[in-house]
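J.: Let me begin by handing over the structure; questions about it come next.
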Amino acid sequence: MAELTYREAVARGIAQEMRRDPTLVMLGEDIASAGGVFKTTVGLLDEFGPERVRDTPISEQAIIGAAMGASMTGIPVIAEIMFSDFLAVCWDMIANEIAKSRYMTDGQVSFPLVIRTANGGSARFGAQHSQSVENWAMMIPGLKVVAPSTPVDVVGLMAASIRDPDPVIFFEHKGLMATKAEVPDGEIIDELGKAKVVREGSDLTIAALALMVPRALEAANALAAEGISAEVIDIRSLVPLDTKTLLEAIVKTGRFFTVEENPRLCGWGAELVSIASEEAFWNLDGPSIRITTPHIPLPAAAALEDLALPSADRIYQTVSKAIDTRSGL
Amino acid sequence: MAELTYREAVARGIAQEMRRDPTLVMLGEDIASAGGVFKTTVGLLDEFGPERVRDTPISEQAIIGAAMGASMTGIPVIAEIMFSDFLAVCWDMIANEIAKSRYMTDGQVSFPLVIRTANGGSARFGAQHSQSVENWAMMIPGLKVVAPSTPVDVVGLMAASIRDPDPVIFFEHKGLMATKAEVPDGEIIDELGKAKVVREGSDLTIAALALMVPRALEAANALAAEGISAEVIDIRSLVPLDTKTLLEAIVKTGRFFTVEENPRLCGWGAELVSIASEEAFWNLDGPSIRITTPHIPLPAAAALEDLALPSADRIYQTVSKAIDTRSGL
Amino acid sequence: MPTDPRYDYALREPRLPRPVNRSLENADIDLDVRLGMYRKLHELRQFGKRAHDLFLQNLVKGTTHLSLGMEAIATGFGAAMKTGDYTFATYRGHAHSLARGMDLGAAMAELLGRENGVLGGKGGSMHLTDVSKGMMGSYAIIGAHLCVANGAAWSAQMRGTDQVAVAFFGDGTTNIGAFHEALNLAKIWRLPVVFVCENNLYMEYTPIDVVTAVANPAADRARAYGLEAILIDGNDPDDVYLAAQKALSRARSGGGPSLIEALTYRSGGHSRADPGKYRPEGEVQAWAARDPIPMYHDRLLSLGTPEARLSSIERQVADAINAATEFAKSGREPGEGSLLTDVFADGGSRWRN
Amino acid sequence: MPTDPRYDYALREPRLPRPVNRSLENADIDLDVRLGMYRKLHELRQFGKRAHDLFLQNLVKGTTHLSLGMEAIATGFGAAMKTGDYTFATYRGHAHSLARGMDLGAAMAELLGRENGVLGGKGGSMHLTDVSKGMMGSYAIIGAHLCVANGAAWSAQMRGTDQVAVAFFGDGTTNIGAFHEALNLAKIWRLPVVFVCENNLYMEYTPIDVVTAVANPAADRARAYGLEAILIDGNDPDDVYLAAQKALSRARSGGGPSLIEALTYRSGGHSRADPGKYRPEGEVQAWAARDPIPMYHDRLLSLGTPEARLSSIERQVADAINAATEFAKSGREPGEGSLLTDVFADGGSRWRN
Ligand SMILES: Cc1ncc(C[n+]2csc(CCOP(=O)(O)OP(=O)(O)O)c2C)c(N)n1
Ligand SMILES: Cc1ncc(C[n+]2csc(CCOP(=O)(O)OP(=O)(O)O)c2C)c(N)n1
Ligand SMILES: [Mg+2]
Ligand SMILES: [Mg+2]
C-alpha cells in the first residue's frame with residue numbers, strides 16, 4: 008500500500024503493463040525525457056528506454072497514424088495527445104480511420120491501442136485547453152471510452168484499457184492530477200464497462216464522471232444532512248456502458264440526475280437520460296435532470312470558470328429543488 | 008414557380024445571396040469549373056466569376072482557416088467541405104477556433120460564414136463517405152446547425168444561414184439531392200430555429216431531420232391506416248433548436264419518438280428526449296423512444312446499408328409496437 | 272461562360288507525357304519478372320474495365336475509382352515488393368490490391384456488395400483490404416494512410432523484420448497536412464517506408480498545378496524532409512520496378528524512407544461516370560499513345576518474346592476476369608447476420624451490458 | 272538514467288547564437304524608429320518579467336508563456352507594420368500584442384482574469400486579442416492560425432486594401448499539417464501574408480532538431496512552397512525590422528507571401544514554472560550574452576545616442592508597467608453578468624427558444 012497521486016498512478020499503470028508486455032510502446036510530445044507536461048510519464052524513459060518511450064514532433068496526425076499502423080501490425084501502442092482539445096487536430100485519424108477500419112475490413116484488423124489525453128477544466132487554461140470531450144469519443148462507433156476518477160481506478164483501468172484489443176480513449180482529468188489516495192501494491196487490473204456505486208442511497212441517483220464524482224459525493228453529503236439519500240454512481244467507462252448498474256439504481260431510487268462537465272448539447276448525460284426514459288419510464292417518479300456546464304466555451308478567469316463548471320453546490324441546489332417541487336418524495 | 012431538385016436549390020439559394028451581397032465569396036474543392044461533385048454549385052462560377060467562386064487544393068484546414076480569417080475581417084464566406092465525414096480533418100478549425108473565438112475575445116470578432124457539406128447515407132459510399140454527423144456540430148457551443156429536407160427549405164435556410172452573423176454548419180443530404188419540388192419564384196428567406204410541423208397528429212409525435220423526414224412521413228401514413236395519428240416534426244435547425252414547437256407537440260400528444268440517422272450514442276435524439284424528459288415529464292404517457300442507426304460504422308453494401316439506416320418500415324414497426332404495449336392510448 | 276484557361280480548365284494547354292525511355296529495354300530485369308508484369312498489367316486493366324461495365328449495369332452501386340492507364344505503378348511495385356511487405360492505398364486501390372495478389376473474384380464480389388466479397392460487402396469499392404496478402408487497406412479520406420503506413424513501418428522496425436511499408440497516393444494528396452506530418456516523422460525515425468505519389472495531373476476535376484505551389488508536387492518537396500527528389504515515368508513498368516527496388520532495398524537496409532513521384536495519367540474519369548470534360552483537347556489522346564500496355568507489349572516483342580506467348584497471357588487473364596465476374600455475381604446479398612458484427616474485437620458491436 | 276544525449280537532451284552540445292552582425296549598425300533605419308524599438312524591447316521585457324512575478328504570487332492563474340529573450344522579433348515587426356495590418360500570434364502572444372499597441376493595463380488585467388482585462392477575463396493569457404489594434408488573436412492550438420492569417424490576407428486582397436497579415440509561430444509548429452496547407456494556399460493565391468517562424472530551438476521541452484527532418488525547420492522548407500529561404504537573426508531588432516519591411520512591401524505590392532525564420536532563444540522556461548532543465552550547460556548563458564536588450568543598448572550608444580536618453584526611456588517604461596499592474600489589480604473579478612454573453616453575435620448564448 009502506498010499513497011499515490013492520480014498523475015503518479017498513470018505512470019504506475021503504464022509501467023505495470025510495459026513490464027508485462029515487452030512489445031508495448033508509447034509515443035507523444037514531451038513524454039520521454041520531460042516525463043510529460045502533466046508529469047504523468049515520469050520515470051518511463053529511464054525504465055523502458057528510448058525505443059519504447061518516444062518523443063514526437065507536434066504532429067498529432069502522425070502520432071495517431073503511427074499508433075494505428077503499429078497496432079494493426081502487432082505492436083500495441085499507447086499514444087498521448089497532450090490535451091484532449093487537440094483530439095480535434097487528429098479527429099479524422101481517430102473517428103474515421105481507427106474507429107471504422109475493423110468493421111470496414113470485416114474484422115481483418117484490430118487496434119490494440121490506447122489514446123491517453125488530459126481532459127477537463129478547473130485549471131484556468133481557457134477555452135482551448137479545458138474542454139471535456141468524452142462525448143466526442145462516445146459518439147463514434149468503434150471506440151471505447153474510459154475516464155477514471157481516482158488513483159486506484161487509474162491504475163486498474165489503464166491496465167484494462169491496454170489489455171483490451173480495441174482502441175480505447177483514456178481521459179485523465181487535469182483537475183484530479185494532484186489528488187492522492189492509497190493504492191494497493193502489486194498488479195491491479197480492473198474491467199472496462201463496470202460503473203461503481205460510490206455511495207449508496209435510496210431517494211435518487213446521481214451519475215457522474217471524473218472530476219464530477221467528488222463533487223457529486225460532496226453534494227450527496229450535503230443532501231444527506233437534510234435527510235435526502237442520494238446514490239452516487241461513478242460511470243468510469245462510457246463505452247462499454249454499465250447500463251445494468253445505472254438502471255438498477257434508477258429503478259430503486261425513482262429519480263435520476265446526471266452531472267456532466269461537457270457543455271450541454273449531446274453530452275453523455277443526454278444519452279443516459281434517454282436510456283432511463285425509454286427503459287425505466289414506469290419507474291421514474293419525476294423528471295430526469297441533467298446538471299451540465301452551460302452550452303458555452305469555457306472562460307479562463309477563475310471566477311468565471313467556477314461559475315461554468317458544475318459545482319457541488321450547484322448539484323446540491325438543483326437536486327434539492329427538484330426533489331422538493333413535485334416528485335412526491 | 009419552378010420545379011427544382013434539392014441540388015439545384017442549393018445553387019439557387021447561394022446565387023440569390025451572392026447577387027444581394029457582392030462581397031460574399033465561396034471556396035472549396037472542385038466547386039468552380041466542375042460545379043461541385045454533387046453538382047450543387049453549377050452555374051455559380053459563370054455568374055459570379057473566379058474571384059468569388061474559388062477552387063482550392065485538398066487542404067480542408069486551409070479552406071476553413073481562410074473562411075475564418077476572411078469572415079472575421081469583413082468578407083462573408085461560404086466554404087464547402089465535400090463530404091461531412093471530412094469535417095474531421097478540419098475539426099480543430101471548426102470546433103476549437105471558429106466556435107470559440109467570439110466568446111474568448113469577449114465579442115471582438117464575428118464569423119459570418121457558412122460551412123456547407125454533403126451529409127448522410129443511402130448512397131452506398133461506405134463508412135467514410137456516408138456519416139450523419141450533425142450531432143458532431145450540435146455538441147460544440149458557438150456553432151449553429153441546419154439540415155433542410157426539401158428544396159424550398161434549402162433555398163430559404165441557405166439564405167438565412169448566409170445572412171446569419173454566426174458560423175452555420177449547413178448539412179445537405181446526399182440522399183435527397185435528386186428529390187424535386189415546386190419552389191416559388193423570387194427571393195426566399197427562411198428563419199433559423201424554426202421547426203416545421205409537417206404532419207399534424209394527436210396520438211404521438213415523431214421528430215425527424217433531413218432524409219428521415221420523408222421516411223417518418225411515410226411511417227405516419229402507414230400508422231394512420233391503422234388509426235394511429237402521428238404528428239411529424241421536421242426539426243430543420245438543431246441550433247438554435249425550436250424546443251417550443253417540439254414541447255407543444257409532445258405535451259399535446261403525450262408520446263415522443265425521434266428518428267435519427269446518426270449512430271445511436273449521443274445523437275441529437277438523446278438531447279431531445281432528455282429535454283422532453285425534464286420539461287414534459289408529467290405530460291408523457293409512455294417511454295420516449297429513439298429510432299437510430301445502430302452504433303456501428305455504416306456498411307457499403309446496399310443490402311446492409313438499408314438495414315442500418317432507419318427505414319419507414321422500422322419507424323412504423325417501432326412506433327406501433329410501443330403504442331400497443333403499454334401507453335394506454 | 273468564362274473562356275479563361277485559368278478557370279476553365281479544358282481550355283488549358285494539354286500536359287503531355289514523356290517519351291518512352293528506350294534505354295530501359297536494356298535494364299537488368301529478368302524476363303520472368305517482365306512477363307509477370309505484363310500479365311499483371313492486363314489483369315489490372317481488364318479488372319478495371321469490367322468494374323466499369325458492371326457499374327454501368329448498376330451492379331456496382333455507390334462509386335468506383337479506377338486506375339485505367341495508371342496500372343504500371345501498381346504493377347512495378349507489386350513485382351518488386353516481397354511477401355510480408357505492407358501496401359497502403361487510397362479509394363483508387365483496386366490495382367494495388369490485385370498487384371499484391373488479392374483474389375480477383377473476392378475483389379469483384381466486394382464491388383458488387385456481396386457476401387463473398389473480400390470484406391463481406393461491408394467496405395465496398397473504396398476500402399479493399401486483404402491483410403493475408405499484406406494489403407493493409409484502402410483509405411478513402413485523403414492523407415491519413417501515409418501516417419498509418421509509418422506506423423506499420425515503425426512496427427517492422429521494432430519487430431526487427433525487414434518488412435517495408437509502401438503508401439500510394441495521388442498528386443492532390445500532397446497538399447494536405449497529413450502528407451507533411453507523415454514525411455517528417457518517417458525521416459526522423461528513419462522508417463522503412465516508401466511514399467509513392469501517383470501524379471496523374473488531376474485532383475478529381477482540378478488540374479494539380481492550379482492548386483500547388485511547385486511544379487512537381489511530391490518531388491519538389493522531398494528536400495523539405497531531407498529526402499532525395501525522385502521523379503519517374505509512371506507509365507513504364509520497368510522504370511517503376513527499378514525505382515521500387517532501389518527504394519525498398521534502401522528501406523530494408525535501414526536507410527529510411529523514400530518519396531517517389533511517378534508521372535502518369537488516368538485514361539478515364541475520376542470516379543463513376545465522370546466524363547472528364549475538364550481535360551484539354553488532345554491530352555487524353557496524347558497519353559493514350561503512351562498507354563503502358565501497348566508500350567510494354569512492344570518492349571517485350573523487341574526483347575524477343577513471341578507474340579503468341581503474350582496473347583496467351585492475355586487470354587488467360589480474360590478467362591480469369593470472366594470467372595471472377597461469375598463468382599461475384601453468384602454471391603448472396605449480405606444480411607442481418609453480418610450487420611452488427613466486427614465493430615469490436617470480440618466480434619460484436621455491443622456498447623452496453 | 273539514460274546518459275545518451277540523443278534522449279537526455281541536457282547532455283547535448285549547446286546550440287550557440289550567431290555573433291552580432293556589426294554591419295547592421297549602418298543600416299538605413301531612422302533613429303526615431305530605433306528609439307521606438309528600444310522602448311518597445313523594454314516594454315515587452317518588463318511586461319514579461321512582471322507577468323512572471325505575478326504568476327509566482329498566484330495572481331496569474333492557469334498558465335502563461337513569456338517571450339523573455341525573444342522580444343526583438345515582435346519589436347522589429349511591430350515597428351515595420353502599419354496600422355490596419357493584421358497580427359496573428361500564438362499562446363506566446365504577449366509581446367506581439369503589445370508590439371501592436373495593446374494597452375498594457377488591459378493586457379495585464381487579462382492575465383489576472385479581471386473584468387477590466389482586454390477580454391474581460393474570458394480569454395486569458397493564451398488568447399490576447401485587440402481587433403482595434405489589428406491584433407487578431409492569440410491561438411493556443413498549434414498550427415491553425417497560419418490558415419486564419421491566410422483568410423485575413425485573402426480578405427484584404429478582395430477588399431483591395433494594402434493590408435498585410437503576419438502570422439508568428441514557433442519552430443515546433445513547422446511540423447504540423449496546418450503549416451503545410453497554409454503555406455501552399457498562400458503561395459497559389461499570392462496572398463499578402465508573412466509567416467514568421469520564431470525558432471527558439473525548442474518545442475516545449477524537446478529540441479527542435481530531434482523531431483525535424485531539416486536543420487532550419489522553416490527556411491529549409493520554403494522552396495517546397497515556391498518561396499525564398501530567409502533566415503535572420505531574431506535577436507537583432509534591426510535585422511528583423513529590415514526583413515519585415517522587405518516582406519511587407521512585397522506583400523503590399525502584390526508579390527505574395529514570405530516565410531521568414533528568425534533565430535532566437537527564450538531565456539526562461541516554456542511556460543509557468545518550467546525551469547528548462549532540458550537545456551545543455553552553457554546554452555542559456557551563451558544566449559544571455561546575445562540578449563537583444565544590452566546589444567541594442569550598445570548599438571544605440573555607438574550610434575551616438577546619449578545614455579541619459581536611453582535610461583529615461585527605461586524609467587518611463589518601468590512607470591508604465593507599474594501603472595499597468597495597479598490597473599490590473601484594481602479590476603474586479605468577472606461574474607454571472609458575462610458568463611453567458613457573446614457566444615453568438617446577438618450577444619448571448621441561447622441555443623433554443
Ligand atoms: C480529406 C479529403 N478531402 C477531399 C476528398 C475528396 N476527394 C476524393 S479523391 C480526391 C482527389 C484526389 O486527388 P489525388 O490525390 O490526385 O488522387 P487521384 O484521385 O488522382 O488518384 C478528392 C478531393 C477526400 N476523399 N478526402
Ligand atoms: C496541436 C497542438 N499540439 C500540442 C500543443 C501543446 N504545445 C503548446 S506549445 C508547444 C510547443 C510549441 O513549440 P514552438 O512551435 O516551437 O513554439 P514556442 O512555444 O517555442 O514559442 C506544444 C507542443 C498545442 N498547443 N497544440
Ligand atoms: Mg491525381
Ligand atoms: Mg520553439
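Residue numbers (the working numbering), protein chains in the order written: chain A, 8 to 336; chain B, 8 to 336; chain C, 272 to 624; chain D, 272 to 624. C-beta atoms are modelled at their ideal positions from N, C-alpha and C, and glycine is treated no differently. Model, not experiment: these values are computed from the prediction.
(1) I want to know whether the region 147 to 165 of chain A touches the region 240 to 250 of chain A - three or more CB-CB distances under 8 Å.
(2) For chain C, is any of its Cβ atoms less than 7 Å away from the one on residue 384 (chain D)?
(3) Quick one: list the residues of chain A neighbouring residue 613 (chain C), beta-carbon separation under 7 Å, in chain order.
(4) Give the DSSP-derived three-state secondary structure of residue 617 (chain D) in the structure shown.
(5) I want to verify the contact list: residues of chain C whose CB lies under 8 Å from the CB of residue 421 (chain D), in sequence order.
(6) Quick check: does the Cβ of residue 474 (chain C) come within less than 6 Å of any heavy atom belonging to ligand 2?
(7) May I ask you to list the residues that DSSP assigns as paired with residue 125 (chain B)?
(8) Using the three-state DSSP reduction, which class does residue 295 (chain B) fall into: helix, strand or coil?
(9) Identify the contact partners of residue 249 (chain A) in chain B, using a Cβ-Cβ distance below 8 Å as the criterion.
(10) Just mark residue 8 (chain A) as buried or exposed, buried being the case when its beta carbon has 16 or more other beta carbons within 10 Å.
(11) Find the residues of chain C that neighbour residue 9 (chain A), judging by a C-beta separation of less than 7 Å, and give them in chain order.
(12) Run through DSSP, which three-state label would residue 603 (chain D) get?
(13) List, in chain order, every chain B residue whose beta-carbon is nearer than 8 Å to that of residue 390 (chain D).
(14) Should residue 209 (chain A) be labelled buried (16 or more other beta-carbon atoms within 10 Å of its own) or exposed?
(15) Please report the Cβ distance between residue 344 (chain D) and residue 467 (chain D), rounded to the nearest whole angstrom; I am assuming they are in contact, meaning their Cβ atoms lie under 8 Å.
(16) With DSSP as the reference, identify every bridge partner of residue 270 (chain B), one or two as the case may be.
(17) Select from the region 280 to 309 of chain C all residues with a C-beta closer than 7 Å to any C-beta belonging to chain B, and list them in chain order.
(18) For residue 204 (chain A), collect the residues of the same chain with a Cβ closer than 6 Å to its Cβ; drop the 5 residues on either side in sequence, then sort them by chain order.
(19) Under a three-way DSSP split, which group does residue 48 (chain A) fall into?
(20) Would you list, in chain order, the members of the region 443 to 454 of chain C that have their beta-carbon closer than 8 Å to a beta-carbon of chain D?
(21) By how many angstroms is the C-alpha of residue 585 (chain C) removed from the C-alpha of residue 313 (chain C)?
(22) Please compile the residues from chain B whose C-beta is within a distance smaller than 9 Å of the C-beta of residue 456 (chain D).
(23) When burial is assigned at 16 or more other CB atoms within 10 Å of the CB, is residue 613 (chain C) buried or exposed?
(24) At 3 residues or longer, what runs of the beta strand (DSSP E) sit wholly inside the region 414 to 464 of chain D?
(25) By alpha-carbon positions, which one of D:459, D:322, D:302 ends up nearest to residue 397 (chain D)?
(26) Excluding the five sequence neighbours on either side, which residues of its own chain have a C-beta within less than 7 Å of the C-beta of residue 415 (chain C), listed in chain order?
(27) Roughly how many angstroms separate the alpha carbons of residue 259 (chain B) and residue 332 (chain C), rounded to a whole number?
(28) Taking Cβ positions only, does residue 426 (chain D) come closer than 7 Å to chain B?
(29) What are the start and end residues of the beta strand (DSSP E) that includes residue 24 (chain A)?
(30) Applying the 10 Å Cβ sphere with the 16-neighbour rule, what's the burial state of residue 593 (chain D)?
(31) For residue 535 (chain C), write down the residues that DSSP places opposite it in a beta bridge.
(32) When the Cβ atoms of the region 488 to 497 of chain C are set against those of the region 491 to 505 of chain D, are three or more pairs found closer than 8 Å?
(33) Measure the Cβ-Cβ separation of residue 327 (chain B) and residue 284 (chain A) and say whether it is below 7 Å.
(34) Residue 79 (chain A) CB to nearest chain B CB: under 7 Å?
(35) Is it the case that the region 544 to 551 of chain C contacts the region 510 to 527 of chain C, given that we only count it when at least three CB pairs across the two stretches are under 8 Å?
(36) Could you check what DSSP says for residue 509 (chain D) in three-state terms: helix, strand or coil?
T.: Taking the definition as stated:
(1) yes
(2) no
(3) 109, 110, 113, 114
(4) coil
(5) The contacting residues do not exist; residue 421 (chain D) stays about 13 Å from chain C at best.
(6) no
(7) B:90, B:179
(8) coil
(9) Here the premise fails: no neighbours, minimum Cβ distance about 14 Å.
(10) exposed
(11) Those do not exist, as residue 9 (chain A) stays about 32 Å from chain C at its closest Cβ, beyond 7 Å.
(12) coil
(13) 111, 112, 113, 115
(14) exposed
(15) 7 Å
(16) B:300
(17) 280
(18) 240
(19) coil
(20) 446, 447, 448, 449, 450, 451, 452, 454
(21) 7 Å
(22) 63, 64, 66, 69, 70, 72, 73
(23) buried
(24) 436 to 441
(25) D:322
(26) 449
(27) 43 Å
(28) yes
(29) Segment 13 to 27 is the alpha helix (DSSP H) holding residue 24 (chain A); no beta strand (DSSP E) there.
(30) exposed
(31) Beta-bridge pairing links residue 535 (chain C) to no other residue.
(32) yes
(33) no
(34) no
(35) no
(36) helix
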